[in-house]
Amino acid sequence: MADNRGVVYLGSGKVEVQDISYPDLVLHEGPGVPKENAGRKCEHGVIIKNIVTNICGSDQHMVRGRTTAPEGLVLGHEITGEIVEVGRDVEFLKKGDIVSVPFNVACGRCKMCRRQDTHICQNVNPERPGGAYGYVDMGGWVGGQSEYVMVPYADFQLLKFPDKDLAMEKILDLTMLSDIFPTGYHGAVNAGVTSGSTVYVAGAGPVGLAAAHSAQLLGAAVVIVGDLKEERLKQARSFGCETINLQDHDDVGEQIEQILGVPEVDCGIDAVGFEAYGHGTNHEEAPAAVLNTMMDVVEAGGKFGVSGIYVTDDPGAKDQDAMHGSLKMRFGLGWSKAHSFATGQTPAMKYQRQLMNAILHGKADIANVVNATVISLDEAPQGYKDFDSGVAKKFVIDPHGMVRK
1 MADNRGVVYL
11 GSGKVEVQDI
21 SYPDLVLHEG
31 PGVPKENAGR
41 KCEHGVIIKN
51 IVTNICGSDQ
61 HMVRGRTTAP
71 EGLVLGHEIT
81 GEIVEVGRDV
91 EFLKKGDIVS
101 VPFNVACGRC
111 KMCRRQDTHI
121 CQNVNPERPG
131 GAYGYVDMGG
141 WVGGQSEYVM
151 VPYADFQLLK
161 FPDKDLAMEK
171 ILDLTMLSDI
181 FPTGYHGAVN
191 AGVTSGSTVY
201 VAGAGPVGLA
211 AAHSAQLLGA
221 AVVIVGDLKE
231 ERLKQARSFG
241 CETINLQDHD
251 DVGEQIEQIL
261 GVPEVDCGID
271 AVGFEAYGHG
281 TNHEEAPAAV
291 LNTMMDVVEA
301 GGKFGVSGIY
311 VTDDPGAKDQ
321 DAMHGSLKMR
331 FGLGWSKAHS
341 FATGQTPAMK
351 YQRQLMNAIL
361 HGKADIANVV
371 NATVISLDEA
381 PQGYKDFDSG
391 VAKKFVIDPH
401 GMVRK
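Here full-length UniProt numbering is used: the first residue of the sequence shown is 1, the next is one more, and so on.
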């Protein structure tokens, strides 16, 4: 039996590459696995040899100790790889296929999956709607920052790349299909971005950059990105975005006015989430800061998409309300301006195929947009530290040395 290694969460601020079990087609008892899911048979699944698997900003929430993630959890939900074993009930995939794995674990059978809301599948997590690999409260499915991983419901979930050679040539772009590109695109769609839109994107991390590029693909006239880190803003400018350094300015509307001539945008995208900070001289954590800014700068009747994560339990929050996901929003302002906004995880499958085509036909340049940076599996702990420092990079783990030159 082949060996396996993976990135394991060991408590606040600590991850380590450890020997882990080689996967089989069963979800075994383990860290984060609900009792009702332990022993679940997955003959509809496959075993994947990971070609690339990425570090995500949402992983950082767990590693910083800002969730109730259990120690021993194998991390990682951005998975692209080659099928090496096929379950008895898999019909349409075979060994050797190179596939993208949407980060949502979804059955394809329930009401939510049938209407393409795979992010709130009713059958993969006995504790709440929705499942994901290597993530807190998401059903206990073993994470994919590893050499090998099991993926259930393979015929339904997996996106097979049509040409293996072209897939390997474009692998740094295609790896973004598992989460970050669909997530950014979903935020832009939810915000109503269309031809000629003016858009404000809060956050120039990888999700924010993917959202900004998605807004461009959808025809936005101007995309403005705000962040506290100048290095990240430089990356946003590299593909044609306007930027606002929030470290220097606390009035986002005023800065937007300097760019557009008016202090408002048509729509906005929150790519930060609950670990937001105040702007200007207020550098304290303020979990509702971005939501309140959106209500201020999005025009009356406008929309904003919330791609950033908000949690129900945050043990590291500064006040009791925020510990339980209760935030101090200016909801009355949003109501009075007739705003609408959409929240929740992204149904990645909904967008994967068309975004794959955009990549394969040269219409999307997502790897360069997010500054994809390849590291080995052993370098993953340092990658987490570097990412946490705010570098303008999207770390792509290459567990088998198939990509790194």
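We treat Cβ as the ideally placed atom computed from N, Cα and C, and that holds for glycine.
TODO: Report the residue from K234, K35 and D248 whose alpha carbon sits nearest the alpha carbon of E127.
DONE: Nearest C-alpha to E127: K35.
Open item on the list: Taking only three categories from DSSP, how would you classify M138?
Closed with: Coil, per DSSP.
Task: Proximity below 9 Å, CB of G65 to CB of S12 - done: A contact, by the Cβ cut-off of 9 Å.
TODO: Kindly indicate the opening and closing residues of the beta strand (DSSP E) around C267.
DONE: That run of the beta strand (DSSP E) goes V265 to D270.
Open item on the list: Run through the DSSP bridge pairs and tell me what D398 is partnered with.
Closed with: S376.
TODO: Taking V290 as the reference, give the member of T281, G302, A300 and V306 with the closest Cα.
DONE: Taking the Cα of V290 as reference, the smallest distance to any Cα among T281, G302, A300 and V306 is reached at V306.
Open item on the list: To the nearest angstrom, how far is the alpha carbon of F161 from that of I171?
Closed with: The straight-line gap from Cα to Cα measures roughly 10 Å.
TODO: Whole angstroms is fine: what's the gap from L25's alpha carbon to G45's?
DONE: A direct Cα-to-Cα measurement between L25 and G45 gives close to 6 Å.
Task: Ranges of the alpha helix (DSSP H) found wholly within the stretch 246-315, counting only runs of at least 4 - done: DSSP runs (the alpha helix (DSSP H)) wholly in the stretch 246-315: 252-260 and 289-297.
Open item on the list: Quick check: K303 and A191, are their CB atoms within less than 9 Å of each other?
Closed with: By the CB criterion at 9 Å, K303 and A191 fall inside the cutoff.
Task: Where the beta strand (DSSP E) through M329 begins and ends - done: Segment: none, M329 is in no beta strand (DSSP E) and carries neither H nor E.
TODO: Look at I397 and A210 and say whether their C-beta atoms are less than 9 Å apart.
DONE: With respect to the 9 Å criterion, I397 and A210 are not classified as neighbours on the basis of their beta carbons.
Open item on the list: Going by C-alpha to C-alpha distance, which of V151, Q157, G301 and L73 sits closest to C113?
Closed with: C113 has its Cα closest to that of Q157, out of V151, Q157, G301 and L73.
Task: Among D117, V142 and V99, nearest to A38 - alpha-carbon criterion - done: When only C-alpha atoms are compared, the closest one is V142.
TODO: Give the DSSP-derived three-state secondary structure of M1 in the structure shown.
DONE: Confidence at M1 is low in this model, with a pLDDT of 45, below 50, so its placement is unreliable and the value that follows should be read with caution. Three-state DSSP puts M1 in coil, outside helix and strand.
- [ ] Could you work out which residue in M323, S340, V252 and V272 is closest to V297 when comparing CA atoms only?
- [x] Put simply, of M323, S340, V252 and V272 the residue whose alpha carbon is nearest the alpha carbon of V297 is V252.
Open item on the list: With a threshold of 6 Å on Cβ separation, who are the neighbours of K393 within its own chain once the five nearest residues in sequence on each side are excluded?
Closed with: For K393, where only same-chain residues beyond five positions count, the Cβ hits under 6 Å are N371 and T373.
Open item on the list: If I follow the unbroken beta strand (DSSP E) through I359, where does it start and stop?
Closed with: Here I359 belongs to no beta strand (DSSP E); instead the alpha helix (DSSP H) covers M349 to L360.
- [ ] Compute the distance between the beta-carbons of A348 and H119, then report whether it is under 9 Å.
- [x] A contact, by the Cβ cut-off of 9 Å.
- [ ] Could you tell me the boundaries of the beta strand (DSSP E) in which K164 lies?
- [x] Premise fails: K164 lies in the alpha helix (DSSP H), K164 to E169, not in any beta strand (DSSP E).
- [ ] Please report the residue range of the alpha helix (DSSP H) in which I180 lies.
- [x] Here the alpha helix (DSSP H) through I180 covers I180 to N190.
TODO: Return the first residue and the last residue of the alpha helix (DSSP H) that F156 is part of.
DONE: A154 to Q157 is the extent of the alpha helix (DSSP H) around F156.
Open item on the list: For V223, count the other beta carbons within 10 Å of its own beta carbon; 16 or more makes it buried, fewer makes it exposed. Which is it?
Closed with: Buried.
- [ ] For G81, collect the residues of the same chain with a Cβ closer than 6 Å to its Cβ; drop the 5 residues on either side in sequence, then sort them by chain order.
- [x] Cβ within range, chain order: I48, K49, N50 and I51.
Task: Rounded separation between Q18 and F331 - CA only - done: It is roughly 46 Å from the alpha-carbon of Q18 to the alpha-carbon of F331.
TODO: Would you mind reading off the limits of the alpha helix (DSSP H) that contains E85?
DONE: In the DSSP assignment, E85 falls outside any alpha helix (DSSP H) and lies within the beta strand (DSSP E) extending over I79 to V86.
Open item on the list: Can you list, in chain order, the residues of its chain with a C-beta nearer than 7 Å to that of K355? Leave out the 5 residues immediately preceding and following it.
Closed with: Position check: residue 355 holds Leu in this sequence, whereas Lys was assumed. Within the same chain, L355 has close Cβ partners L177, F181, P182, Y185 and A364.
Task: R232, buried or exposed, once every other Cβ within 10 Å from all chains shown has been counted against 16 - done: It counts as buried.
Open item on the list: On the criterion of 16 or more Cβ atoms from any shown chain inside 10 Å, does N300 qualify as buried, or is it exposed?
Closed with: Checking the displayed sequence, the identity of residue 300 turns out to be Ala instead of Asn. For A300, the number of other beta carbons within 10 angstroms of its own is below 16, and it is reported as exposed.
Task: Close Cβ partners of M1 (< 7 Å) along its chain, the five nearest in sequence each way excluded - done: Any reading at M1 must be qualified, since the residue scores a pLDDT of 45, below 50, and its modelled position is unreliable; no value is offered.
TODO: Just the C-alpha distance for G325 and D165, rounded to the nearest angstrom, thanks.
DONE: A direct Cα-to-Cα measurement between G325 and D165 gives close to 46 Å.
Task: Cα-Cα separation, P399 to I83 - done: Rounded to the nearest whole angstrom, the CA to CA distance from P399 to I83 is 15 Å.
- [ ] Report, in whole angstroms, the separation of the C-beta atoms of T376 and R353, which I expect to be a contact under 8 Å.
- [x] Thr is not the amino acid found at residue 376; the sequence shown has Ser there. Rounded to the nearest angstrom, the Cβ distance from S376 to R353 is 30 Å, too far for a contact under 8 Å.
Task: Own chain residues within Cβ distance below 8 Å of residue 432, not counting five before or after - done: Here the chain covers residues 1 to 405 and nothing more, so residue 432 does not appear.
TODO: Please work out which residues of its chain come closer than 6 Å, Cβ to Cβ, to A342, disregarding the five sequence neighbours upstream and downstream, and give them in chain order.
DONE: When the five nearest sequence neighbours on each side are left out, the beta carbons in the same chain lying within less than 6 Å of the beta carbon of A342 are those of N190 and G305, in order along the chain.
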